[in-house]
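Quick note on numbering: this note's numbering labels position 8 of the sequence shown as 30, and the sequence is numbered without any gaps. Here the structure comes first, spelled out in structure tokens, and everything after it is commentary.
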Amino acid sequence: MAIPVVLDVDTGVDDACALLLAALHPALDLRAVSCVGGNAPVDAVVANTLTALDAAGRPDVPVARGADRPLLEEPVDARHVHGQDGMGDLDWARSERVPDPRHAVELLRDVLHEAADHGDDARRITLIPLAPLTNIALLLRTYPSVAKGIREIVFMGGAAEVGNATASAEFNVFHDPEAAAVVLDACADLDIPVTMYGLDVFYAPRISIETARKLAAPGGHGAAELAGRLIEFQCERFGSVDATIGDAGAVCAVLEPAGVRREQLPVRVELAGTWSRGRTIVDRRDWSGDLSHDPHGQARSSIDVCLEVDAQRYATLWLDTVSGGMR
23 MAIPVVLDVD TGVDDACALL LAALHPALDL RAVSCVGGNA PVDAVVANTL
73 TALDAAGRPD VPVARGADRP LLEEPVDARH VHGQDGMGDL DWARSERVPD
123 PRHAVELLRD VLHEAADHGD DARRITLIPL APLTNIALLL RTYPSVAKGI
173 REIVFMGGAA EVGNATASAE FNVFHDPEAA AVVLDACADL DIPVTMYGLD
223 VFYAPRISIE TARKLAAPGG HGAAELAGRL IEFQCERFGS VDATIGDAGA
273 VCAVLEPAGV RREQLPVRVE LAGTWSRGRT IVDRRDWSGD LSHDPHGQAR
323 SSIDVCLEVD AQRYATLWLD TVSGGMR
């Protein structure tokens, strides 16, 4: 049976790469996509998401508009990375579909309740947030009963070692650190298993610009061309010979979990630091005696943290899927 999944996205070049993989791989059953402001404003995110799913031939997947701003902060975006439209400024024909009329949190609630009502573990949803965690925080605190429909949460965000939005913080967590803290706390309360696919592994699976150009060359406005052009955009923007598949790696981790080395570690989100707000504090101490002298104690959220990735394995998995066997 294919793994039922739901993606929460802020599409985004790398989210589009992830959407193509989730929509096309036969071992995944993509049930819905929820959208949140992040890489681009939320209305652009919705448009980009519908366009990516159309390219993958998946107009059946419901897409809903969610939170347009963080819980407390003013919204920021990353169009300096992803282009003014958030998806590479490709001059790609936009989808004519309209989003689901429900708010994204309501769509998530309904899909997860339906999964729970079956009473079958195989039908429980793997939730894959690839964006600021605003929608997921609102969902888990407003409708905690959805936990019965969740198999696990595998989110792209945070890091044990590095940052990108700041020297300390990864963008998705930095954009709404309160939401990230709420999600970790709620998952501890509701006994939901969590995996953090963060910056420690995010950049490693890469596709060359030559391969990207081969993908895009036949045209046709399908998944292969879009995938190739997204990688080519990143290479040209950053002056590199290859580019990461980014968020798609978190989808790969659901498909082939043996491709990452992970450790279960206590994790907190820094909410107050002047230079470190939004940092995921990953506790890697190996001597429990330290805790008796730590005024903060150990974090109550203990999650699987991805620390190493088989980069070629995941790059090949993504490439084989989005190319449709054409290469």
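For glycine and all other residues, C-beta sits at the position ideal for the given N, C-alpha and C.
query                                                                                                                 : result
Neighbourhood of V195 by C-beta distance below 7 Å, restricted to the same chain and skipping five residues each side : G179, G180, A202, V291, G300 and T302
Delimiting residues of the alpha helix (DSSP H) encompassing Y336                                                     : A333 to S345
The region 60-77 contacting the region 91-102, beta-carbon criterion three pairs below 8 Å                            : yes
Neighbour-count burial assignment, Q256, 16 or more Cβ in a 10 Å radius                                               : buried
Candidates G59, D139 and A44: closest to L52 by CA position                                                           : A44
Assigned secondary structure, P123 (DSSP; H/G/I helix, E/B strand, else coil)                                         : coil
Whole-angstrom distance between A191 and G295, CA atom to CA atom                                                     : 11 Å
Given 8 Å, three or more beta-carbon pairs between the region 275-293 and the region 332-339                          : yes
Cβ pair count under 8 Å reaching 3, the region 198-212 against the region 155-175                                     : yes
T188 versus H197: straight-line alpha-carbon distance, rounded                                                        : 11 Å
Three-state class that DSSP yields for D198 in the structure shown                                                    : coil
Assigned secondary structure, R349 (DSSP; H/G/I helix, E/B strand, else coil)                                         : With a pLDDT of only 40 at R349, under 50, the local geometry of the prediction cannot be trusted, and no value is derived from it.
H125 versus R235, V58 and M218, residue with shortest Cα-Cα distance                                                  : V58
Rounded C-alpha distance that separates S56 from I325                                                                 : 23 Å
C-beta contact flag for G108 and T33 at 8 Å                                                                           : yes
Distance between A182 and D342 (C-alpha atoms, nearest Å)                                                             : 30 Å
Enclosing alpha helix (DSSP H) for E174 [first to last residue]                                                       : It is not in any alpha helix (DSSP H) - E174 instead sits in the beta strand (DSSP E) that spans I172 to M178.
Validate contact between the region 253-267 and the region 234-241 using beta carbons, cut 8 Å, 3 pairs               : yes
DSSP three-state assignment for D36, whether helix, strand or coil                                                    : helix
Span of the alpha helix (DSSP H), counted from its first residue to its last, around Q256                             : A245 to F260
Own chain residues within Cβ distance below 6 Å of R349, not counting five before or after                            : Low confidence applies to R349: its pLDDT is 40, below 50, so where it sits in the model is not reliable, and the reading given next is rough at best. If we look at R349 and ignore the five residues flanking it on each side, it has no Cβ neighbours.
Where the alpha helix (DSSP H) containing D76 begins and where it ends                                                : V64 to A77
Nearest to E118 (by Cα), restricted to the options L93, L72 and R145                                                  : L72
Validate contact between the region 125-145 and the region 84-93 using beta carbons, cut 8 Å, 3 pairs                 : yes
Pair within 8 Å by beta-carbon distance, D30 and G268                                                                 : no
C-alpha gap between T148 and V276, whole angstroms                                                                    : 8 Å
Residue burial classification, L339 (beta-carbon count within 10 angstroms, cutoff 16)                                : buried
Three-state secondary structure (DSSP) of S323                                                                        : coil
Inter-residue CB distance, P288 and A245 (contact presumed, cutoff 8 Å)                                               : Wrong, their Cβ atoms sit about 39 Å apart, outside the cutoff.
Start and end residues, beta strand (DSSP E) containing A352                                                          : Limits of the chain in this structure are 23 at one end and 349 at the other, which puts residue 352 out of reach.
Residue interval of the alpha helix (DSSP H) (run including R101)                                                     : R101 to H104
N- and C-terminal bounds of the alpha helix (DSSP H) containing A239                                                  : Careful: A239 lies outside any alpha helix (DSSP H) and carries neither H nor E.
DSSP state of D30 mapped onto helix, strand, coil                                                                     : strand
Beta bridge counterpart(s) of C57 as assigned by DSSP                                                                 : V31 and R87
Per-residue burial, P84 [other beta carbons within 10 Å of its own, 16 or more giving buried]                         : buried
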